[in-house]
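> Quick one: the structure is below, questions incoming.
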Amino acid sequence: MSYANWKSSLLKIPVLKNLIERSLVESTAKIVEQDTSAVESLYPRQKPKIKLPKEDIMAYVEKLYHEWK
Numbered sequence: 006m007s008y009a010n011w012k013s014s015l016l017k018i019p020v021l022k023n024l025i026e027r028s029l030v031e032s033t034a035k036i037v038e039q040d041t042s043a044v045e046s047l048y049p050r051q052k053p054k055i056k057l058p059k060e061d062i063m064a065y066v067e068k069l070y071h072e073w074k
């Protein structure tokens, strides 16, 4: 699947085309990984301080689970 329509003569060579596509996919994956770790470090996982009415049931279930251990 190609999102760009590059008109380079180099891309007509299958080996180079595959190499460039793989390189783009790998670099995009690395960027997403770095962005994910940056966002996770900015916003640590913690419990919310307020609960919505529909979340009371899950809070009760979680409390029962921790007491059961």
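Position in the sequence shown (first residue = 1) + 5 = our numbering.
For each residue, glycine too, the CB sits at the ideal point set by N, CA and C.
Computed from a predicted model, the values in this text were never measured in an experiment.
Do you know offhand how far K17's Cα is from S28's?
As a position in the sequence shown, residue 17 is number 12, starting the count at 1. As a position in the sequence shown, residue 28 is number 23, starting the count at 1. Annotation: K17 to S28 spans about 16 Å, alpha carbon to alpha carbon.
> Counting along the chain, where does the alpha helix (DSSP H) carrying E72 start and finish?
The sequence position of residue 72 within the sequence shown is 67, counting from 1. Under the DSSP assignment, E72 falls in the alpha helix (DSSP H) whose first and last residues are D61 to W73.
> Between S32 and N23, what straight-line distance do the alpha-carbon atoms span, to the nearest angstrom?
Taking the sequence shown and counting its residues from 1, one reaches residue 32 at position 27. Taking the sequence shown and counting its residues from 1, one reaches residue 23 at position 18. Straight-line Cα distance between these residues: approximately 14 Å.
> Output the distance between the C-alpha atoms of E26 and E60, rounded to the nearest integer angstrom.
The residue given as residue 26 occupies position 21 in the sequence shown. The residue given as residue 60 occupies position 55 in the sequence shown. One C-alpha to the other measures close to 45 Å.
> Whole angstroms is fine: what's the gap from K68's alpha carbon to K56's?
Counting from 1 along the sequence shown, the entry for residue 68 is found at position 63. Counting from 1 along the sequence shown, the entry for residue 56 is found at position 51. Each residue's alpha carbon lies about 14 Å from the other.
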